[in-house]
Amino acid sequence: MFVGKNFVIWLVKDALRSVDTTQRTMDGVFASALESSTMQAYPLAFLHRVLDMLVDGYFPVIEGLENDGDEIEDALFADNSEASEISQRIYSLLNEVSDFKRAVKPVGQMLDLLMGRIRIQAEAVDEHQLELLRHFRDVKDHVIHVIDRVDDLRSSLENALAVNSTIVAERQNDDMKRISAWAAILVAPTIIGSIYGMNFEVMPELHWVFGYPASLLLMVAVSFGLWVVFKKKEWL
1 MFVGKNFVIW LVKDALRSVD TTQRTMDGVF ASALESSTMQ AYPLAFLHRV
51 LDMLVDGYFP VIEGLENDGD EIEDALFADN SEASEISQRI YSLLNEVSDF
101 KRAVKPVGQM LDLLMGRIRI QAEAVDEHQL ELLRHFRDVK DHVIHVIDRV
151 DDLRSSLENA LAVNSTIVAE RQNDDMKRIS AWAAILVAPT IIGSIYGMNF
201 EVMPELHWVF GYPASLLLMV AVSFGLWVVF KKKEWL
């Protein structure tokens, strides 16, 4: 968009859609000029109306992104949640938030430049333009509010990503505990069986009539004892 003293040039991609938008915007500017003596129909008024509509359109977008963030936080602590899927959703939403901020930030910078030029020419402009300056400040406040919400959402998503990584690590640690516990339970009878399978002639209980059932009983007892110990430690 190019704005001069007596003209406005608006470059658009969607011509049909933008013609209707431009007409409604101009109608609003002229309606404001008729209703208020402080808002007259000149290019700055038109620019203010366009920027105001643009920034107002940001609020539904940030609300939708925040709703997506809330859904991710709810799914984060669900028992049936897939950590990899949640990570993908967080990364995807972070990218959307970053893209949205890149779209919003230049609007605030543009408003700063515009208000700076109006201040420089403050002595040469009339009270209507000074009133417009106050309206531009209001639009800038809305932009700042949107950017603050975007930053808060990004921070929340980064925290959610860190929490998700912690949950994944805890689940992996629990899995390792279970694997280690069952490995220890299975190793105990294996050791007993391997000792009595060495085929030495001189070995206690080798020729004892109850040697075989006693060995089996010892294997079961040791395995059960280990199972009880790991169960109490909540490894199983």
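The opening residue of the sequence shown carries number 1 in full-length UniProt numbering; numbering runs sequentially from there. Yeah, the Cβ is synthetic: ideal placement off N, Cα and C, and Gly gets one too.
Beta-bridge analysis with DSSP links I9 to F2. With contacts defined by Cβ atoms closer than 8 Å, V97 and R154 form a contacting pair.
Closest in C-alpha terms to V222, from the list I191, Q109, K101 and E170, comes I191. Boundaries for A78: no alpha helix (DSSP H) harbours it, and the DSSP string shows neither H nor E there. Nearest Cα to S215 within the set Q88, S194 and F46: S194. One Cα belongs to L186, the other to L218, and the distance between them is close to 13 Å.
Annotation: P189 to L226 spans about 11 Å, alpha carbon to alpha carbon. The three-state secondary structure of W182, taken from DSSP, is helix.
In this structure, L76 and V163 form a Cβ contact; the two beta carbons are roughly 6 Å apart against a cut-off of 8 Å.
In terms of Cβ geometry, Y58 and V146 form a close pair [threshold 8 Å].
Taking the Cα positions, L132 is about 14 Å away from D112. Under the three-state reduction of DSSP, Y196 is assigned to coil, being neither helix nor strand.
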